[in-house]
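Protein chains in written order, with the numbering used here: chain X, 1 to 116; chain E, 1001 to 1112.
From the three backbone atoms N, C-alpha and C, an ideal C-beta is built for every residue, glycine too.
Have a look at the structure below, then the notes.
Right, here's the structure in full:
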């Protein structure tokens, strides 16, 4: 099993450009997440999808959109990139028991995004 | 704002020594998890401790949880150079939405 995969690994954008970060998991997990990691700040949740067909905002959703394409795939889109979105982006997945406590999350290797 | 705060921010020790990292949080939790991140890599889950547990072990790792003080500690015994990484605590935000809030992490350097 590959676990959680992310593409691309690196990306450089100019301000105002758009792009989509792709994430896929092969563990049949219901829940998927997008985080950003900035130096010295740990991970912050951008959006999450508790199950196929649902998405919800996290702590820092502004400037991003997401699509839960199917159970395996969860994409993150930057419509008009800004320098403040320079960061490392991580996708994660986990099993979920509806209404139950959080469980282990499995992370992808990350996408390093630079916006000039 | 961050739910969890790790202390210290950075820790430098020699191989064979023990490393202790602390995490404090602000609101009630269902569980608390510790993750490790090697430089340039994704996070890897280490251990999960539920709110009704006080101590948990996994190999050379020992985690304690004190819900009255809203704090947790991660102890790595007999550290190795391969333990060099950043360590993050993450709290389950109560409410059943399966969301984790991460702290800023402790950078551990273990010198041979």
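Neighbourhood of residue i by C-beta, 8 Å cutoff - its chain only, sequence neighbours within 5 removed
i	result
residue 1001(E)	Note that residue 1001(E) has pLDDT 46, beneath the 50 cutoff, so the model's placement of it is unreliable and no number is given.
residue 18(X)	77, 78, 79, 80, 81
residue 1054(E)	1064, 1065, 1066
CB contact below 7 Å: residue i versus chain X
i	result
residue 1016(E)	no
residue 1104(E)	yes
residue 1008(E)	no
Within chain X, the residues that residue i reaches when beta carbons sit closer than 9 Å
i	result
residue 1041(E)	107, 109, 110
Minimum Cβ-Cβ distance from residue i to chain E less than 7 Å
i	result
residue 10(X)	no
residue 113(X)	no
residue 32(X)	no
residue 43(X)	yes
residue 90(X)	yes
Chain-ordered chain X contacts of residue i [CB-CB under 8 Å]
i	result
residue 1045(E)	104, 105, 106
Residue environment, residue i, which counts as buried when at least 16 other CB atoms sit within 10 Å
i	result
residue 1103(E)	buried
residue 4(X)	buried
residue 1031(E)	buried
residue 1074(E)	buried
residue 1009(E)	exposed
residue 107(X)	buried
residue 10(X)	exposed
residue 117(X)	The question about residue 117(X) has no answer, for chain X in this structure spans 1 to 116.
residue 1068(E)	exposed
residue 1107(E)	buried
residue 1044(E)	exposed
residue 1029(E)	buried
Neighbourhood of residue i by C-beta, 6 Å cutoff - its chain only, sequence neighbours within 5 removed
i	result
residue 1005(E)	1024, 1103
residue 1027(E)	none
residue 135(X)	Since the displayed chain X opens at 1 and closes at 116, residue 135(X) lies outside it and no answer follows.
residue 1012(E)	1109
residue 1049(E)	1032, 1056, 1063, 1065
residue 45(X)	35, 58, 59
Neighbourhood of residue i by C-beta, 7 Å cutoff - its chain only, sequence neighbours within 5 removed
i	result
residue 1080(E)	1015, 1110
residue 1112(E)	1015, 1081
residue 87(X)	36, 37, 38, 113
residue 110(X)	6, 88, 89, 90
residue 115(X)	13, 15, 81, 82, 83, 85, 86
Residues bridged to residue i (per DSSP)
i	result
residue 1056(E)	1063(E)
residue 4(X)	25(X)
residue 77(X)	20(X), 65(X)
residue 1006(E)	1023(E)
residue 114(X)	12(X)
residue 1076(E)	1019(E), 1061(E)
Under 7 Å by beta carbon: chain X residues contacting residue i
i	result
residue 1048(E)	104
Neighbour list for residue i in chain E, Cβ cutoff strictly below 9 Å
i	result
residue 64(X)	Ordered by position in chain E, no residue passes the 9 Å Cβ test against residue 64(X), which lies about 16 Å from the chain.
residue 40(X)	1009, 1104, 1105
residue 58(X)	1099
7 Å Cβ cut-off: residues of chain E touching residue i
i	result
residue 48(X)	1099
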